[in-house]
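To start, the structure under review is shown below, and the notes come after it.
Residue numbers (our numbering): 58 to 769.
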């Protein structure tokens, strides 16, 4: 009896001590804003301490004090993207922010915002104050911000005005294994910045398979390896059907899971044919709705700005997310994922500098991608890999800088030379042929002087977040008095496509709706019609612009993005004190001026119909392509009356080998545009030579007369 009484007293004493600790915790002040912590802070703190990364906190803080560069390797769901930036903020706070704040880069806009919101919640501060984010066209920060998440391209543009990142004490490069062009540029430039600023810290978060190359690049630096969470059950396929059978296998698996497994979200990674998969699942899911509940397929395309909605755990319907994105970042916020279907292949666009075109290549995913997809389902989920277990996967994906058009990259690096950073130590150097093509193109655009440095035009071009050809077009529009129209074209081509892809049964109706916006001069002018109609619906008598977009099969988010981009470009023009003309769209002279402005930037992207049947010969690299079916000239009603000469925005080597966003020009306009560029002698001579070779003897005589008169 005495023993039982003694035990009860001990329990009561322990309970009292726990209550005292809780009371002390409630009175504890947040070191970042000086306010008492909320009860939610302690709840999230318990969750944070359960993350695999938490055990490495002491080791990380010690290394951050003694090392300038740190590499942290770990798989998905270790918590490194949320916890390590917070620890860096504590490190900067301990130094009273004498060396600056913390900036953490991401490669996707959606994950940038989600991480900032999550970290602000965990730190018990308001988003936009102590924790903020910066993505293209949107900034949520204040002078009190001590931790900022941003996309890698945003940080790059900030380096144009602040090359040494004087406002930063710690730079965290997350998802380094993705090897985007912007991430590679940051890793190369920061290596030189660190030599100038010994107090700056660089923390690189990457997957285990990518650490070896980073260690070779940076030399002897601190490294912390994180243990990943418990993996899910993995089921491998036989792999007999090859790539063509992935679609059928994935759809069959999704339907079997819906019929035989408990509730849980399904994520299926494809490399193409999402529209077909969506249509099949929607049809078959409707047949299973009564017996097994509703199956809702959702197509996700990150380049269209799509993002998955958060799903209630109690929802009776089961969602199947279908995506072509190679990245898994879209889905980390969804905790109800229980099944992952992985085709094991991805689609990549590979740029060919010889013909200035992108080709679509299907290749295996990397080991890092495969591991991350297995982590999505969680320890209680299941991952179905549609490839054999002994399939050899590359350790990491090919760096994007080796397979992209680097003209914009070279323009940026030339601008950084002016800012004082004359060297970028690339982890993987760009292809020499691609580098020469980029320099050649910048020279044609008059962005370089005779010494190979940026000209005055090149400096102004680098101020715009546009591809160099479009930036030159925008500058030319100031001369041709069509700034308002070219601003719209630039914004619409920079934003995601505004055209929605409807179900098969509604495609004819959508085509008729889109034809209402078509302009006789071509797709560039059609984009202006669409944007103007959207602005009228938004500001005019139409009560619901969202409904208007649905009725016309247009993407509201894409049009909103285009509107924001247009406003940003307008502000840059005003800051540079360049003239902004009033709208004059619709007049004949305005249409001609728009074409002259487009030819000033895209004069190397001109094609001629060589046989009258739609086979267009591209003058600069002597390749033949057809107009994309979704172009205004690609519809049946226009195929019998195709223009002889076209200016195109994009050429893609795919199954159809097509040119996209095309507008009609005349041989006279093309010639005149060449003659109006006296400062670009090299490009004018080359293009005139291509032009002369492609026209008749009679037209050659007329042309030489014009050139002779021009010389007089």
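Built from N, CA and C at the ideal position, the CB exists for glycine as well.
Skipping 5 residues on each side, what residues in its chain have a beta carbon closer than 7 angstroms to that of residue i?
i	result
residue 183	177
residue 654	530, 533, 534, 537, 539 and 543
residue 552	615, 618, 619 and 622
residue 201	186 and 187
residue 674	664, 665, 667 and 681
residue 737	Low confidence applies to residue 737: its pLDDT is 44, below 50, so where it sits in the model is not reliable, and the reading given next is rough at best. Excluding positions up to five away in sequence, the list reads 501 and 503.
Find the nearest neighbour of residue i within the set the options, judged by alpha-carbon distance.
i	options	result
residue 644	617, 623, 577 and 409	577
residue 234	111, 426 and 653	426
residue 153	131, 88 and 210	88
residue 161	124, 168, 134 and 206	206
residue 641	487, 258 and 538	538
residue 715	414, 727 and 129	414
residue 349	322, 664, 318 and 331	318
residue 521	116, 541 and 548	548
residue 424	405, 407 and 455	455
residue 621	194, 713, 472 and 460	194
residue 688	571, 167 and 386	571
residue 584	142, 565, 90 and 718	718
residue 228	103, 265 and 141	141
residue 416	709, 112, 723 and 450	709
residue 517	596, 490, 99 and 629	629
residue 400	295, 474, 435 and 473	295
Within a Cβ cutoff of 8 angstroms, which residues of the same chain sit near residue i, ignoring the five residues on either side of it in sequence?
i	result
residue 336	560 and 561
residue 388	324, 365, 378, 394 and 433
residue 338	308, 311, 312, 352, 354, 377 and 379
residue 437	289 and 395
residue 849	Outside the shown range of the chain, which is 58 to 769, sits residue 849, and nothing can be said about it.
residue 330	304
Ignore the nearest five residues each way along the sequence and tell me which others in residue i's own chain have a CB closer than 6 angstroms to its CB.
i	result
residue 292	441
residue 582	576
residue 151	none
residue 147	none
residue 567	559 and 610
For residue i, write down the residues that DSSP places opposite it in a beta bridge.
i	result
residue 680	675
residue 127	260 and 279
residue 290	439
residue 325	379 and 398
residue 703	664 and 721
residue 404	419
residue 195	192
residue 511	505
residue 715	683 and 709
residue 589	Answer is none; residue 589 lacks a bridge partner.
residue 414	409
residue 559	Paired residues: none, contrary to the question.
residue 611	556
residue 86	93
residue 579	720
residue 546	Beta-bridge pairing links residue 546 to no other residue.
Count the other C-beta atoms from every protein chain shown that fall within 10 angstroms of the C-beta of residue i, then say buried if there are 16 or more, exposed otherwise.
i	result
residue 650	buried
residue 419	exposed
residue 252	exposed
residue 106	exposed
residue 275	buried
residue 667	exposed
residue 290	exposed
residue 670	exposed
residue 637	exposed
residue 343	exposed
residue 445	exposed
residue 569	exposed
residue 686	exposed
residue 122	exposed
Along the beta strand (DSSP E) that carries residue i, what are the first and last residues, could you check?
i	result
residue 206	204-208
residue 352	352-357
residue 227	225-230
Would you say the beta carbon of residue i comes nearer than 8 angstroms to a heavy atom of the ligand SAM?
i	result
residue 686	Among the components of this structure there are no ligands whatsoever, and the ligand SAM is therefore not found.
Which residue marks the beginning of the alpha helix (DSSP H) containing residue i, and which one marks its end?
i	result
residue 161	From DSSP, residue 161 is part of no alpha helix (DSSP H) but of the beta strand (DSSP E) over 158-163.
residue 537	525-537
residue 605	602-608
residue 103	96-106
residue 315	303-317
residue 651	645-659
Counting only beta-carbon atoms, is residue i nearer than 9 angstroms to chain E?
i	result
residue 104	In the structure shown, chain E does not exist; there is a single protein chain.
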